[in-house]
Each structure stands twice: as structure tokens, then as C-alpha cells.
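The sequence shown begins at 150 in the working numbering and counts up by one. By construction, the Cβ of each residue, glycine as well, lies at the ideal position given by its N, Cα and C atoms. Bear in mind that the values here come from a model prediction, so they are computed numbers and not experimental data. Here the structure comes first, spelled out in C-alpha cells, and everything after it is commentary.
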Amino acid sequence: MSDEWFAASRRKQLTLRQGKERVAANRHPWIFAGAIGRESGPDDAALADLYDVRGTRIASGLHSPHSQIRMRALTFGDEELTPELLRARIAAAIARRRSILAHDTNAARLIHAEGDDLSGLVVDRYDDLLVVEIANHGLERLRPLIADVLREELKPRGIYFKNDLPARKIERLPLEPEWSGEGECQTTIRENGLQFIVEPASGQKTGFFLDQRENRALARAVASGRRVLNLFSYTGGFGVYAAAGGAREVENVDVSEGAIALAKRNHELNGVEGRFTTGDAFSVVRERAAAKEQYELVVCDPPAFAKSRGEVERAARGYKDVNLYAMKLVAPGRLLMTFSCSGHMDLDLFQKVIFSAALDAGRRASFVARLTAGRDHPVSLFAPEGEYLKGFLIEVR
Ligand code: SAH
């Protein structure tokens, strides 16, 4: 099994450069190559120990021979990194979700990387399926241990290793997915009493945008009697919730045909009506504004326009453009629910972008609520960049 990787002889020893002692002091789990002076031990080691120049061990974690992030620290100081510790962390993360996985919800993120003290690991539960994303060489070596704990704790019908994170290329890990389980890797989940088809293999992310669960519930709560436009709908999440909340009319817009096809099926599954438009949301909002259409709730949840720091400026223009038109479409005194999931665009910048969209749309606007990912997506105080999703519920006057 995986336990042999924990032996001292199988680990990499990394020694910090003189003057880099502070690297681990703030307990950020990412230890970069530039901070490391000397190293010894096997290159294919799953684990590494980090030492200061005096030879004192200051951290232990997951090793990567190829990435700029040479180590993802799991323990600091003299806490021992053992198989038991790793098993206990996985079990604790699962236990933290018990209050979410109540009778009317059977899908949630079980492990959210740094937010669960498990840098590099994401595990999503979709009813009886688990979808795993591994972003690091060391974790890939420890996969049997991870799968073992997941099976023991949850007894899933199957586990799907999606293996499509861009980081895996840098880590030189295989990009082919792996399914080990019974039957097909697809299911119908229950979320706040509503049903959604999830197909992890063909779907975006791990199959569903679990991070928006609580915001979808908010959309349901404010949708009664309203005409709703759901931009970037994916498989119709916000649309189904709004319709279930008594919306007068719901239209879902997405550029992906596959997503719209599933959005239709999801509306049917829940016995609610909807309209469906396959197309570019940027064009759709312009057309609707030209036709002087008005909606009482517009949801705008685009994909991450900024995939790197260098793309932030261009991304900001994209967010401003779509939000400007979205605001024009909101009937006076009604609501816009708008999001950015670009990790590189912080809350401050996103707020500025929304401000300038309101200015150019010639509308007064106030925040009614500030929105984030649900509580199954915890953010480590030591790695705050894990907070990627931010949104606002805005009353546009
Ligand atoms: N709100 C959704 C998740 C949205 S993810 C939910 O709760 O499930 C972003 C979606 O935007 C994806 O489905 C993607 O296909 C779509 N998309 C990307 N570019 C687009 C564009 N230019 N116009 C319309 N949809 C787009």
C-alpha cells in the first residue's frame, strides 16, 4: 500500500537557503523551488521534509520534483507526518460536511485542498459517486491510501479520478481519467430538495458547480413572481431553483449545447418550465437590451475570465461589459446576482468593475448581500488565495 512512502529513507530532504527561514513561518503550505538550497533523497519521493540551514526540521509535506511548488506542507514544527495523520485529516474533512449532507442534499465538496489542510486534493461527492482531482506528484503516489479511506468512510458505488487539472501537466502526471466502480459514472443528485443530473466525465469542473449551492438557494428565495434571466447557466442550476421558487418565467443562456441539453432535462426532472438559449451571453444581453427587454432577476455567473495574473485587465473588461448590459436589463428596483470565480481578480477589483458597470449603465445600485462559496469550500487563513468565488446581490434602481 502507500504506507511505505512515509519511511524516512523514501523521503526527499529539502534544505532552505540561508535567509529563507521565514518561508514556513506563516504556515503557507506552498514551498517554492527558489527557497530551496540543497536537496537529497529519491526524486520520486511522495513526501519531503523541509529543514532550515541548521538542520532543524520545520515542515513535512507532499513532494513534487517538477513543479515550482516543490512541496505542499501538511505539518509544521515537530508534528509527524504519518499515514494515520493523513487518514485522520480525510476523515475529519468528511465529518465536517455532515450538517450539509442532510436528507435533502446528497452532494457536496468533501475535501477542499488547503481549506481542509490537504493541499492539492479535491474530493466531491455526488450521491453515491466520488470525483477526485489530484494536483500533486506526492498525492498521486498516495492515491491507494486516499481511495482506501474514502471507501472505508463512504462506501461509494465508484470513484472517478478526473485527472484533467492543468497542474497535472506540470507535475508530469497522466491526464487520462480513471473510473473504478459499478455501472456508469453518472448520477442524479439531490440539492436542497431539487434534482440534477451529473455527468462527471463530460461535465465541467467535477461535473457540477457545488460552490454555488447556497447562492442558488438565495435565488430561489427571491424569485417568486419574477421574470428571470440566467446567464452562463451551465446545466440550469440557478434556473431550476428560480422556477421552483415561483418565478413567472425563466430563461437559461449558455454557449455549450451539452450544458443546455442537460439544463432542459434538469427542468423536466423537477417539473418546472424553462426557456433555453444556446448562444454567447455577451451577444444575448446586447440583443435583449436593444429590444428593451426587462427582467426582475438577472443571474450572471461567467467562467473564470482570468486564468493568470496577466489576464486580469482583459478579464476586468469582460466582466464590466457583461455586467453593464445585465444592469440595463434589470427592471427598476429589481435584482442582479453577479459573480466572478477568477482567483486572480480580488473582491476589491470585482467591486470596482461592478461600480463602473453601474456608472456606465446610468443606474443607481446597492449591494443587498455579498456572496461566497458555500461552507463546504472552506478557505485556509494561511492560504487566503483559496477564496476564488465572490458575488453580489445588487438592487438596481
Ligand atoms: N451558474 C452555473 C455555473 C456556470 S459555469 C451553475 O450554477 O451550475 C460557466 C458557464 O458559462 C459554463 O457552462 C460555460 O459553458 C458558459 N460559458 C462560457 N462562455 C460563455 C459565453 N460566452 N456565453 C455563454 N455561456 C458561456
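- Query: Can you round the beta-carbon distance between Asn415 and Val389 to whole angstroms, since I take them to be within the 8 Å contact cut?
  - Reply: Contact flag correct, Cβ pair sits at about 5 Å.
- Between Thr487 and the ligand SAH, is the CB less than 8 Å from at least one heavy atom? Remark: the C-beta of Thr487 is outside contact range of the ligand SAH, defined as less than 8 Å to any heavy atom.
- Message: Can you look up Gln167 in the DSSP assignment and give me helix, strand or coil?
- Response: Collapsing the DSSP output to three states places Gln167 in coil.
- Query: In chain order, which beta strand (DSSP E) runs of at least 3 residues are fully inside the stretch 206-234?
  - Reply: Correct list: 206-212 and 218-225.
- Identified DSSP bridge partners for Trp179: For Trp179, which the question treats as bridged, DSSP gives the partners Arg221.
- Can you name the start and end residues of the beta strand (DSSP E) that Met486 belongs to? Residue range Val479 to Ser489 is occupied by the beta strand (DSSP E) that includes Met486.
- Message: So, with DSSP's three-state summary, where would you put Glu301?
- Response: Glu301: helix per DSSP, three-state reduction.
- Task: Please indicate yes or no: does the CB of Arg365 lie closer than 8 Å to some heavy atom of the ligand SAH?
- Result: Yes.
- Query: If you draw a straight line from the alpha carbon of Leu294 to that of Phe155, how long is it in whole angstroms?
  - Reply: Straight through space, the alpha carbons of Phe155 and Leu294 are spaced by roughly 12 Å.
- Contact set for Val461: own chain, Cβ-Cβ below 8 Å, skip 5 residues either direction: Leaving aside the five residues that flank Val461 on each side, the residues in its chain whose CB is nearer than 8 Å to its CB run, in chain order, Ala455, Ser491, His493, Met494 and Leu498.
- Message: Quick check: does the Cβ of Ala430 come within less than 8 Å of any heavy atom belonging to the ligand SAH?
- Response: Taking 8 Å as the cut-off, one finds at least one heavy atom of the ligand SAH near enough to the beta carbon of Ala430.
- Message: Using a 10 Å radius around the Cβ and a threshold of 16 neighbouring Cβ atoms, would you call Glu422 buried or exposed?
- Response: Glu422 comes out exposed.
- Query: Cα separation between Ala396 and Ile319?
  - Reply: The C-alpha of Ile319 is placed about 46 Å away from the C-alpha of Ala396.
- Message: According to DSSP, simplified to helix, strand and coil, what is Lys318?
- Response: In this structure, DSSP gives Lys318 a helical state, which the three-state scheme calls helix.
- Item | Simplified DSSP state of Phe541, which is helix, strand or coil | Correct three-state label for Phe541: strand.
- Just to check, is the beta-carbon of Ala408 closer than 8 Å to a non-hydrogen atom of the ligand SAH? Indeed, a heavy atom of the ligand SAH lies less than 8 Å from the Cβ.
- Give me whichever residues DSSP pairs with Cys449 in a beta bridge. Partner(s): Leu380 and Thr487.
- Message: Using only the alpha-carbon positions, how far apart do Ala240 and Ile260 sit?
- Response: It is roughly 10 Å from the alpha-carbon of Ala240 to the alpha-carbon of Ile260.
- For His252, the first and last residue of its enclosing alpha helix (DSSP H): In the DSSP annotation of this structure, His252 is not part of any alpha helix (DSSP H), being labelled neither H nor E.
- Task: Could you check if Arg247 is buried or exposed, using at least 16 other CB atoms within 10 Å of its CB as the buried criterion?
- Result: Exposed, by the Cβ-count rule.
- Quick one: which unbroken beta strand (DSSP E) runs of 3-plus residues sit fully inside the stretch 343-430? Chain order, please. Whole beta strand (DSSP E) segments, 3+ residues: 343-347, 376-380, 398-403 and 424-427.
- Task: Grab me the residues of Arg236's own chain with a C-beta within less than 6 Å of its C-beta, minus the 5 sequence neighbours each way, in chain order.
- Result: These residues qualify, in order along the chain: Val298.
- Query: If you draw a straight line from the C-alpha of Val402 to the C-alpha of Pro232, how long is it?
  - Reply: Looking at the two C-alpha atoms, the distance is approximately 47 Å.
- Query: Straight-line CA distance for Ile409 to Asn379?
  - Reply: Taken atom to atom, the span from the alpha-carbon of Ile409 to that of Asn379 is near 12 Å.
- Query: In whole angstroms, what is the alpha-carbon distance linking Gly386 and Ile180?
  - Reply: Computed Cα separation, rounded: 38 Å.
- Query: What does a CB cutoff of less than 6 Å around Ser189 pick up in its chain, not counting 5 residues either side in sequence?
  - Reply: If we look at Ser189 and ignore the five residues flanking it on each side, its Cβ neighbours are Gln162.
- Message: Relative to the C-alpha of Glu340, which candidate in Cys334, Arg369 and Leu322 has its C-alpha closest?
- Response: Closest option to Glu340, Cα to Cα, is Arg369.
- Message: Using only the alpha-carbon positions, how far apart do Ala438 and Leu473 sit?
- Response: Taking C-alpha positions only, Ala438 is separated from Leu473 by approximately 10 Å.
- Are the beta-carbon atoms of Gly114 and Arg362 separated by less than 9 Å? Outside the modelled stretch of the chain, which goes from 150 to 546, sits residue 114, for which no answer is possible.
- Message: Measuring alpha carbon to alpha carbon, tell me which residue in Ala296, Ser209, Asp525 and Val545 is nearest Arg245.
- Response: Among Ala296, Ser209, Asp525 and Val545, the Cα nearest to that of Arg245 belongs to Asp525.
- Query: When every heavy atom of the ligand SAH is checked, does at least one fall within less than 8 Å of the C-beta of Val404?
  - Reply: Under cutoff, so the answer is yes.
- Residue from Ile243, Ala316, Gly226 and Ala242 whose Cα sits closest to the Cα of Ile218: Between Ile218 and the set Ile243, Ala316, Gly226 and Ala242, the nearest pair of CA atoms involves Ala316.
- What does Lys161 pair with, by DSSP beta-bridge criteria? Beta-bridge pairing links Lys161 to Ala197.
- Beta-bridge partners of Tyr92, as assigned by DSSP: Only positions 150 to 546 of the chain appear in the structure, and residue 92 is not among them; the question remains open.
- Which first and last residues belong to the beta strand (DSSP E) in which Ser515 is found? DSSP places Ser515 inside the beta strand (DSSP E), whose first and last residues are Ala514 to Thr521.
- Buried/exposed call for His252, threshold 16 Cβ in 10 Å: Classification for His252: exposed.
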